[in-house]
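In mature numbering (1 follows the signal peptide of the UniProt record, and there is no 0), the protein residues as written are -16 to -1, 1 to 413. Built from N, CA and C at the ideal position, the CB exists for glycine as well. All values reported here derive from a predicted model rather than from experimental measurement. Following: one structure in structure tokens, then a few remarks.
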């Protein structure tokens, strides 16, 4: 029976290198993976088990110096004692897979090894069978579906809405979104899997809360979202957070209408002093740096306005501040909000409402939301070709891209709707 499982696919308009030796600039297909080794061993479990025990495993362990033999031997001594009607070999197989020593080569061969599997030259008969059977046995007691997350470091084809797809290899996912993001933030999947099994009890990394999805599970893609094209700025893109795009009713969206003077007085006499009272706090350090480096105010702004803008764009408090702004309505109301003096200083205020009129990806040379400052916090230095900035504007790319980010943000603030469209193209420095 074909299981059509909904999966939410979120893709960032960016390139990267995957743990599976991704090629720079390559867009990977997301399809039915027809060349994958997807055997479910229906009606032949006993036969294959016998071959694994008497032929395959012995052959695959015959070279004690091979990576698989070393990983298996390590698993023999470290794998958990089997429960749930599993055998010792099942437990070892799950330990070996999650221990990563053979992960790359194994999944690469599984994803494209149908022909070698058929002609008896496949290198992984034992591990493939034992993992598949372990998942199937665990599902007998884990009689439920899971909502999981999977992060990758490659870009996938985005023309997959409402199509049926398979991962085509054993796909590791996690019940914890933050764990999944640690494995990659270029293409991130929200998955509803009914064939995947939780491996935490047998994993070499139980804290990852892994749910392993078999190559044969079929999904229906119910949504495709491009973070950058939906207005996530450079920091959100790099962090890879999956944010809902809604009216953000829990955000701190005060426009200070009718109370500007009152709030200004509180900021000057109470709030700012309190929030700078710990000189070792990130905010206090950032504010002190801003005092010495912020630009002289113009445009009817005060020195504190200029410092606040500098602090916000300097990134040190950006993540914590925006996290609290996005969900801090209650703390704001009960006077426990941490960042009152900065709340007005964000580039796009949290109370502004937008109508999404178009969604564009990198291949369409997306506007600033997509590639404006991609790479601002990546370890690699990037150079960007900018269009429609002033002719004498030459962004400087620092070793981590931060200098570029700040300079281009200044250019961005001077843009006039769609008259001065800013498009950035990435290249190595």
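* Just grab the DSSP bridge partners of residue 148 for me. => Within the chain shown, residue 148 is the residue found at index 164, counting from 1. Residue 148 pairs with 204.
* Asked: Could you check where the alpha helix (DSSP H) with residue 274 kicks off and where it finishes?
  -> Here residue 274 refers to the residue found at position 290 of the chain shown. Element bounds for residue 274: 266 to 277.
* Asked: Can you check whether the CB of residue 152 is closer than 7 Å to the CB of residue 95?
  -> In the chain shown, counting from the first residue as 1, residue 95 sits at position 111. In the chain shown, counting from the first residue as 1, residue 152 sits at position 168. Yes.
* With which residues is residue 72 paired in a DSSP beta bridge? -> Along the chain shown, one-based indexing puts residue 72 at 88. Among the bridge pairs identified by DSSP, residue 72 is matched with none.
* Cα separation between residue 154 and residue 133? -> Residue 154 sits at position 170 when you count from the first residue of the chain shown. Residue 133 sits at position 149 when you count from the first residue of the chain shown. Going from the Cα of residue 154 to the Cα of residue 133 covers about 14 Å.
* To do: Look at residue 51 and residue 86 and say whether their C-beta atoms are less than 7 Å apart.
  => Numbered from its first residue, the chain shown carries residue 51 at position 67. Numbered from its first residue, the chain shown carries residue 86 at position 102. Taking the C-beta atoms as reference points, residue 86 is found nearer than 7 Å to residue 51.
* Cβ-based neighbour list, residue 330, same chain, cut-off 6 Å, excluding 5 preceding and 5 following -> As a working note, residue 330 is residue 346 in the chain shown. Because residue 330 carries a pLDDT of 41, less than 50, the predicted location of this residue cannot be relied on, and no value is offered for it.
* Note down, one range per segment and in chain order, each beta strand (DSSP E) of at least 3 residues found wholly within the stretch 155 to 185. => Within the stretch 155 to 185, the runs of beta strand (DSSP E) that reach at least 3 residues and sit entirely inside it are, in chain order, 155 to 158, 171 to 177.
* **Cβ shell of residue 200 (< 6 Å), same chain only, five flanking positions each side left out** => Along the chain shown, read from residue 1 onward, the residue named residue 200 stands at position 216. Taken in chain order, the residues that qualify are 22, 24.
* Asked: My guess is that residue 77 and residue 114 are in contact by the Cβ rule of under 8 Å, so how many angstroms apart are they, rounded?
  -> Locating residue 77 in the chain shown gives position 93, counting from the first residue. Locating residue 114 in the chain shown gives position 130, counting from the first residue. Their Cβ separation, rounded to whole angstroms, is 4 Å, which keeps residue 77 and residue 114 in contact under 8 Å.
* **Anticipated Cβ contact below 8 Å, residue 53 with residue 45, distance rounded** => Reading the chain shown from its first residue, position 69 is the one you call residue 53. Reading the chain shown from its first residue, position 61 is the one you call residue 45. Residue 45 and residue 53 do touch by the CB rule: their CB atoms are close to 5 Å apart, below 8 Å.
* To do: Quick one: residues in its chain with C-beta nearer than 6 Å to the C-beta of residue 188, no 5 flanking neighbours on either side, listed in chain order?
  => Residue 188 sits at position 204 when you count from the first residue of the chain shown. Excluding positions up to five away in sequence, the list reads 79, 82, 83.
* Asked: By how many angstroms is the C-alpha of residue 307 removed from the C-alpha of residue 142?
  -> Within the chain shown, the letter at position 158 stands for residue 142. Within the chain shown, the letter at position 323 stands for residue 307. Residue 142 and residue 307: Cα-Cα distance of roughly 28 Å.
* To do: Enumerate in chain order the residues of its own chain whose CB-to-CB distance from residue 269 is below 6 Å, with the five nearest sequence positions on each side excluded.
  => One-based indexing of the chain shown puts residue 269 at position 285. Once the five neighbours on either side are set aside, residue 269 has no close Cβ partner at all.
* Asked: When DSSP labels each residue in this structure, what does residue 106 get in the three-state scheme?
  -> As a first step, residue 106 is located in the chain shown; it is residue number 122 there, counting from the start. Residue state, collapsed to three classes: coil.
* To do: Look at residue 194 and residue 156 and say whether their C-beta atoms are less than 7 Å apart.
  => Taking the chain shown and counting its residues from 1, the one referred to as residue 194 is at position 210. Taking the chain shown and counting its residues from 1, the one referred to as residue 156 is at position 172. Yes.
* Asked: What's the C-alpha gap between residue 70 and residue 118?
  -> The residue labelled residue 70 in the question sits at position 86 within the chain shown. The residue labelled residue 118 in the question sits at position 134 within the chain shown. Taken atom to atom, the span from the alpha-carbon of residue 70 to that of residue 118 is near 7 Å.
* Alpha carbon of residue 302 to alpha carbon of residue 68, nearest angstrom -> In the chain shown, the residue the question calls residue 302 occupies position 318. In the chain shown, the residue the question calls residue 68 occupies position 84. Per the coordinates, the alpha-carbon of residue 302 lies some 46 Å from the alpha-carbon of residue 68.
* Would you please state the rounded distance, in angstroms, between the beta carbons of residue 138 and residue 205? I believe it to be under 8 Å. => Taking the first residue of the chain shown as 1, we reach residue 138 at position 154. Taking the first residue of the chain shown as 1, we reach residue 205 at position 221. With 8 Å as the limit, residue 138 and residue 205 do not qualify as a contact, their Cβ atoms being about 17 Å apart.
* So, are the CB atoms of residue 316 and residue 236 less than 7 Å apart? -> Your numbering for residue 316 matches position 332 in the chain shown. Your numbering for residue 236 matches position 252 in the chain shown. Yes, they are a contact pair.
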